[in-house]
Amino acid sequence: MRVSVLSEALDYAKRGWLTVPLHNPKQGVCSCRKKACGSPGKHPRTAHGLKDASKDAAQIKSWWQQWPEANVGIVTGRESGLLVLDVDGEDGKASLQALIEEHGSLPKTLCALTGRMGRDDKRNGCHYYFRAPAGATIRNSASVLGKGLDIRAEGGYVVAPPSLHPSGRLYEWLAPGIVPGQPLADAPAWMLAKLADGKPAQQQTAPAQQGTQTASIGEGGRNHALASLGGAMRRKGMTPAAIEAALLAENAARCTPPLPDAEVREIARSVSRYEPAETGRTIQARPTEQPTAPAPEQQKRQWPAPMGEAAYYGLAGEFVRTIAPHTEADPAALLVQVLVALGSIIGRGPHYRAGADKHHANLFAVIVGNSSKARKGTSWGEVNRVAGITDLHWSKTRISSGLSTGEGLIHAVRDSITESVPIKEKGRVIDTQEQVTDAGETDKRLLCVEGELGQTLQCAAREGSTLSAVVRQAWDGVPLRVLAKSAKATCLEPHISVIGHITITELQRLLTASDVANGFANRFLWVCSARSQCLPFGGTADPEALSATGARARAAVEVAKGISEVTWAAETRALWAEVYGQLSEGKPGLLGSIVARAEAQTVRLAMLYALLDCSAEIRLDHLKAALELWRYSEDSAAYIFGQSVGDPTADAIVQLLRERPEGVTRKELSDHFDRNKTKAELDAALTLAQSSGLIRVARRETGGRPAEVWLLVSV
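Letter 472 of the sequence shown, counting from 1, is numbered 496 in the numbering used here, and no numbers are missing.
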């Protein structure tokens, strides 16, 4: 099996299909979950899941050299040009037969038999591969075509032959030798029409008098109806991401004709501006004070344990020890911000190479407090004092605030702009010449300090905003540009760092689902900050001690600027090899998306500790310091966002399934909430929890019609 899986994976790549290695069910324990996996053999093995999928033969060979027993997955959607119809069990066969009788046979195309077995010990599932329609985005859907019929398209993937199914059977092509020779058929027009309609099959034929839940909403009432539904969800504590998902689904299912998605998202943003009447969770007021009776979903959430002494290594630790006794600022906030500031001062020269990518010393960090009393601004003020001693020019000219557009950020570090200028003679253009029309900015270092990060998040969420994309490019250190005709400014070698301050409540309200999904959020270090002590008359650090620290920082920065590539010291390689797998495993749910760049963030931190130690090698102390700081950041993210989906209703469902491992039906879910949740609310919550990898849906035999049952995947 080992050779054939790799061989097939390479064939798939030749066809232009993105492939990814998956866990193999015979391994028993799925390392992505740490416990027995609810759907073994189906989870990507790579650190960032489907984002790592590739068509590159060398990369694919490397994966199977690392995991020779891995199953193979094919990513569906536009990049692979695939739309796959998943026929699951007897329900799926019956639904497909009904569609064939209505619309005619499916066109001849690739078909794979899954390993699912029926009661008669025969194959009971298959995948039909179709060519995805050009210029259209078809998303994953369940039951739109009928019970037991799922569509795998944008954002999805399928397990492909010759992978091993939990039943012990292999996925097989219906006809041997069919890949890579046979072309795909286009998806039938009737299928695309039903998918565009977006309504579950049973709703399409249900009479309107069954209840107001399925009644259509005509023109003139659509905005009001969606705003009312969104307002009710917000009052019940649903997050902006959940409200947006629910309103988009409601718009597609009930509005005739549907409103543009952009208009629906604006309605969701509008109602989400208001504070919820009931949040479903209470954040601790102080890190040392626990609520008297925490809610069930809050019991596993704890303020992160104080950062260990290992993190306060070297120059950065010396600064914190000098300042900490004389300020109310949190030591963790002081440490992280001084590292960000010094990394910005050092500049783009030093780097760590990871394959074809380079990691530079620029960091993004958000200092998060329970309230405005967390002394976030105080912590930056202390850091800025020492940064000014280290590099006065940088302190006066390369610190900025007011991130609002991607174009504005590029302008702050823009390269010189050369344009063709007309040469005129007697009022007539006789020629043109190249002329520098903008000298640009020679210093590509920039530290954006956003004392009100909430305003930045609001700007990034605006329709058509380029801010999120440019900020992501800035962290990566790649050339900055906006593909717009009027946008002339670019920057080939930026060195941008970011520090943001925000309260937990505002962050949870303004961080959108897009920020989490597109990688904006996981480029930041999240740092919980609280007032460390009470100093009614303030504190005064020793000026001489501060000057001495600044002078040592200035000397270290000068040495660091002369370093090019940072590598691992021989003594450190074993520890990095040991922790790398743990860092790159990933976590389920919202938290998993937030901390998905664990290994990259740790490397940048370790490199910065090394540079401040005037070293071109990452030694053990540097890596241990970075690991402890990352531990605190990850624990902070767990406290801020929860070991959960991040939505009260979805979290309550996950908690219920922890208590009911046998699973619950839709009716039991409705009864659990005393029937106070609408169908749209439950659909949105279930979708969020399922897409986070925490729950799954299955069929339960009842002696009659099988029942839909929801089960916990990760506990």
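Cβ atoms here follow ideal geometry from the backbone N, Cα and C, with glycine treated the same way.
CYS483 carries a helical assignment under DSSP once its states are collapsed to helix, strand and coil. Between ARG69 and ALA94, the C-beta spacing is below 9 Å. GLY501 is a Cβ neighbour of ARG372, given a cutoff of 9 Å.
Collapsing the DSSP output to three states places PHE388 in a strand.
Boundaries of the beta strand (DSSP E) harbouring ASP174: 173-176, taken from the DSSP string. By a beta-carbon distance limit of 8 Å, TRP404 contacts GLN361. Their separation comes to about 6 Å.
Across the structure, ASP210 and PRO49 are spaced so that their CA atoms are roughly 33 Å apart. When secondary structure is reduced to three states using DSSP, ARG533 falls in the helix class.
Linking ASP659 to PRO328 through their CA atoms gives a straight-line distance of about 5 Å. Contact between the stretch 419-434 and the stretch 347-356 is absent: fewer than 3 CB-CB pairs across the two stretches fall below 8 Å.
Ranked by Cα distance from HIS435, the options SER694, SER296 and PRO518 are led by PRO518. For VAL364, the uninterrupted alpha helix (DSSP H) run begins and ends at 355-370, by DSSP.
As computed with DSSP, TYR152 is found in a beta bridge with LEU109 and CYS135.
GLN557 carries a coil assignment under DSSP once its states are collapsed to helix, strand and coil.
According to the DSSP assignment, ARG682 belongs to the alpha helix (DSSP H) that extends over 672-683. With fewer than 16 other CB atoms across the displayed protein chains lying within 10 angstroms of its CB, CYS558 is exposed.
If you look at SER571, you'll find it in the alpha helix (DSSP H) that goes 567-585.
Between the stretch 424-440 and the stretch 491-506 there are three or more C-beta pairs closer than 8 Å, enough to call the two in contact.
As the crow flies, the alpha-carbon of ALA580 is around 23 Å from that of CYS472. Buried is the label assigned to VAL627, since at least 16 other Cβ atoms lie within 10 Å of its Cβ.
Distances from the CA of GLY478 to each of SER521, THR529 and GLY727 were compared; the closest alpha carbon is that of THR529. Check the Cα spacing between LYS146 and each of TYR152, GLY113 and VAL168: the tightest is with GLY113.
In this model, VAL111 and LEU120 are separated by some 8 Å (Cα to Cα). LEU599 and PRO92 have their C-alpha atoms some 24 Å from each other.
Per DSSP, the continuous beta strand (DSSP E) segment holding VAL99 begins and ends at 95-99. Sequence-distant partners of LEU433 (beyond 5 residues in either direction) whose C-beta falls short of 6 Å from its own C-beta, in its chain, are VAL494.
In this structure PRO45 is buried. Its beta-carbon is surrounded by 16 or more other beta-carbon atoms within 10 angstroms.
By the Cβ-count criterion, PRO330 is exposed, with fewer than 16 other Cβ atoms from all chains shown falling within 10 Å of its own Cβ.
When DSSP states are grouped into helix, strand and coil, TYR195 belongs to the coil group. Each residue's CA atom was taken as its position, placing ALA77 and ILE642 some 30 Å apart. The beta carbon of ILE719 sits closer than 8 Å to the beta carbons of ILE677, VAL678, LEU681, LEU710, ALA713, TRP734, LEU735, LEU736 and VAL737 from its chain, once the five residues preceding and following it are set aside; these are given in chain order.
When only Cα atoms are considered, THR466 and CYS515 end up about 10 Å apart. Excluding sequence positions up to five before and after ARG576, its CB lies within less than 8 Å of the CB of LEU339 and GLU342, all in the same chain and listed in chain order. Annotation for ILE347: no beta strand (DSSP E) segment contains it, though the alpha helix (DSSP H) segment containing it runs 338-347. When C-alpha distances from ARG176 are compared across PRO185, SER187, ILE162 and PRO186, the shortest belongs to ILE162.
When the Cα atoms are used, ILE84 and LYS38 turn out to be separated by approximately 11 Å.
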